[in-house]
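First the structure, in the form of structure tokens, and then the observations on it.
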Amino acid sequence: MPSYDPNNIFAKILRGELPSYKVYEDDKAFAFLDIMPRAPGHTLILPKAPARNILDVNPDDLAHVMKVAQKIAQAAMKAFDAEGVTVQQFNEAAGGQVVFHLHVHVIPRHAGVSLKAPASFKETPDVLAAHAERLKAALA
Ligand code: 5GP
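Written out as structure tokens, the structure is:
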């Protein structure tokens with residue numbers, strides 16, 4: 001497996017070198033909206049410590065990311081009046097991973113509404129900002 005690249009796009013977001021629509025942060029995890037959401041409220045949860053994916057992450061960091069994913073899923077149910085939540089996590093290119101800093105996808109779902117295809121649609125800044133506020137309010 002290749003080694004962790006500190007210049008991947010999520011590492012830059014974690015360092016504050018690139019902007020993001022932040023939803024949640026603590027000392028070990030960071031969550032922000034996917035800019036190409038597969039459904040409204042699609043959120044990504046990352047460990048702050050460098051990890052390429054599930055194959056090299058520290059198990060305690062992975063456990064913490066999943067705790068935060070649960071919080072985000074519960075908030076997403078409220079914030080988006082969702083009927084369900086899809087949780088996804090991809091590892092290496094063959095496993096569907098595109099950005100190589102470990103992340104968990106939390107996607108609010110409604111019955112009968114299919115997910116948009118990956119990277120098929122870029123949401124507008126106004127909508128993303130409003131959705132981040134909705135999720136933060138539901139987390140409070
Ligand atoms: P994965 O690596 O799990 O396949 O997915 C990477 C995810 O990152 C995709 O859902 C994609 O839409 C999202 N993504 C790619 N570039 C950016 C970016 O610059 N900012 C944000 N917030 N999301 C991104």
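Anchor point for the sequence shown: position 71 equals 71 in the working numbering, and the numbering is continuous, going up by one each time. Backbone N, C-alpha and C define an ideal beta-carbon position, used for all residues, glycine too. Keep in mind that this is a model prediction, so the values were computed, not measured.
Should residue i be counted as a contact of the ligand 5GP given a C-beta to heavy atom distance under 8 Å?
i: A141; result: The structure shown does not extend to residue 141, since the chain is modelled only from 1 through 140, so no value can be given for it.
i: D26; result: no
i: V99; result: yes
i: Y4; result: no
i: G41; result: no
i: M36; result: yes
i: L18; result: yes
i: F30; result: no
i: A129; result: no
Near residue i, which residues of its chain fall below 7 Å by C-beta distance, leaving aside the five closest residues on each side in sequence?
i: A201; result: Because the chain is modelled from 1 through 140, residue 201 falls outside the range shown and cannot be assessed.
i: I35; result: K122, E123, L128
i: F110; result: Per the sequence shown, residue 110 should be read as His rather than Phe. Excluding residues within five positions, the ones whose Cβ falls inside 7 Å are A82, E83.
Near residue i, what residues of its chain come up, given a Cβ to Cβ distance below 6 Å and the 5 sequence neighbours on each side ignored?
i: A51; result: V57, L102
i: K116; result: R38
i: H42; result: D34, I107
i: I13; result: S20
i: P6; result: none
i: I9; result: V99
i: D141; result: Examination of residue 141 is not possible in this model, given that the chain is present from 1 through 140 alone.
i: A11; result: H101
i: T141; result: Nothing in the structure corresponds to residue 141, since the chain is present only between 1 and 140.
Which same chain residues, not among the five before or five after residue i, have their C-beta less than 8 Å away from its C-beta?
i: K78; result: A138
i: M1; result: R52, L55, D56, E92
i: A119; result: M36, V98
i: E25; result: A31
Below 9 Å between beta carbons: does that hold for residue i and residue j?
i: F178; j: G84; result: With the chain covering only 1 through 140, there is no way to say anything about residue 178.
i: A130; j: V23; result: no
i: A75; j: L135; result: yes
i: Q88; j: V104; result: yes
i: Y4; j: F100; result: yes
Compare the C-beta of residue i against all C-beta atoms of chain B and say whether one is closer than 9 Å.
i: L55; result: Of the chains in the structure shown, none is chain B; there is only one protein chain.
If we require 3 or more residues per run, which beta strand (DSSP E) segments fall completely within the stretch 76-124? 84-88, 104-109
Entirely enclosed beta strand (DSSP E) segments - the stretch 4-76, minimum 3 residues: 22-25, 29-33, 43-47
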